[in-house]
DNA sequence: TTTTATCATCGTATATTTACGATATATAAT
DNA sequence: ATTATATATCGTAAATATACGATGATAAAA
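Protein chains in written order, with my numbering: chain A, -8 to 103; chain B, -8 to 103.
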């Protein structure tokens, strides 16, 4: 059991799920919030603000990179990260395609 | 190791992460898509469309219920589900508070 | 009442995620 | 050259998630 059935779904659904998964941990949301609020590269400083060990933060950053939610470069001794707004725009678009169009009709929905 | 550190983060970040987690599987995205497209209760029929065993689909539905992303009632022999638009509206709002405001300035962002 | 149909829950095997210490790597400082 | 600093990677233990068969519960049909 626990065979991976994820490839049995459409690419769109897998893509959305992967993005959601990358955001499915408060530590990663917190990282994104920090980067979004400053809206510029942050070199270092991230680990100090997080209530997690350095190795763990690094792991979370890697997951955000894999999902293309952030961009990173190495600047001398430090590593710099910033939001990848392109991905967020796409996510918002896909998300709204899925659900947004119908939200207007939510008011006159009579079920459950 | 693997001690749960999730409560070390803010309620807002935990809430967003939980919602993201509930959507972090293509099967659950697919279910939400089906419900959203019809925009009405669906009684039965969901299992037949999914490439998963009945028990697994039921498990996914339960997670969506827990996250308040869908509503469910029992109608005789069948169970009926529909989108909980309220939650989606809130999610969109929270999500946009986090990231949406800054997307305008993404163009003149010069880093990484 | 017995049977059938629909769905939830239980038990369980496997896969994946989370977290950290230890270690590696690479630059900057001395 | 040596040391200090910053960050990534490795190894690994524990926690969660995924998936399904078996079983339970409930209501409609016979």
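For each residue, glycine too, the CB sits at the ideal point set by N, CA and C.
Cα separation between residue i and residue j?
i	j	result
residue 95 of chain B	residue 25 of chain A	Only weak support exists for where residue 95 of chain B lies, its pLDDT of 49 falling under 50; the coordinates are left without a value.
residue 37 of chain A	residue 52 of chain A	10 Å
residue 66 of chain B	residue 34 of chain B	8 Å
residue 23 of chain B	residue 59 of chain A	24 Å
residue 31 of chain B	residue 70 of chain B	13 Å
residue 63 of chain A	residue 46 of chain B	42 Å
residue 3 of chain A	residue 4 of chain B	26 Å
residue -2 of chain B	residue 39 of chain A	18 Å
residue 68 of chain A	residue -5 of chain A	40 Å
residue 74 of chain A	residue 72 of chain B	36 Å
residue 50 of chain A	residue 29 of chain A	22 Å
Compare the Cα-Cα distances from residue i to each of the options and report the closest residue.
i	options	result
residue 56 of chain B	B:8, B:78, B:-1, B:85	B:78
residue 41 of chain B	A:90, A:76, A:84, A:1	A:1
residue 48 of chain A	A:30, A:17, A:68	A:17
residue 76 of chain B	A:87, A:75, A:72	A:87
residue 138 of chain A	A:-1, A:9, A:64	The structure shown does not extend to residue 138 of chain A, since chain A is modelled only from -8 to 103, so the question has no answer here.
From which residue to which residue does the beta strand (DSSP E) around residue i run?
i	result
residue 47 of chain B	Segment 45 to 57 is the alpha helix (DSSP H) holding residue 47 of chain B; no beta strand (DSSP E) there.
residue 69 of chain B	69 to 74
residue 65 of chain B	61 to 66
For the putative contact between residue i and residue j, defined by C-beta atoms under 8 Å, what is the C-beta separation to the nearest angstrom?
i	j	result
residue 7 of chain A	residue 20 of chain B	5 Å
residue 11 of chain B	residue 15 of chain A	4 Å
So, using beta-carbon positions, are residue i and residue j closer together than 7 Å?
i	j	result
residue 82 of chain B	residue 27 of chain A	no
residue 13 of chain A	residue 54 of chain A	yes
Just to confirm the assignment, what range does the alpha helix (DSSP H) spanning residue i have?
i	result
residue 12 of chain A	2 to 13
residue 25 of chain B	17 to 29
residue -6 of chain B	First-last for residue -6 of chain B: undefined, no H or E at that position.
residue 39 of chain A	37 to 40
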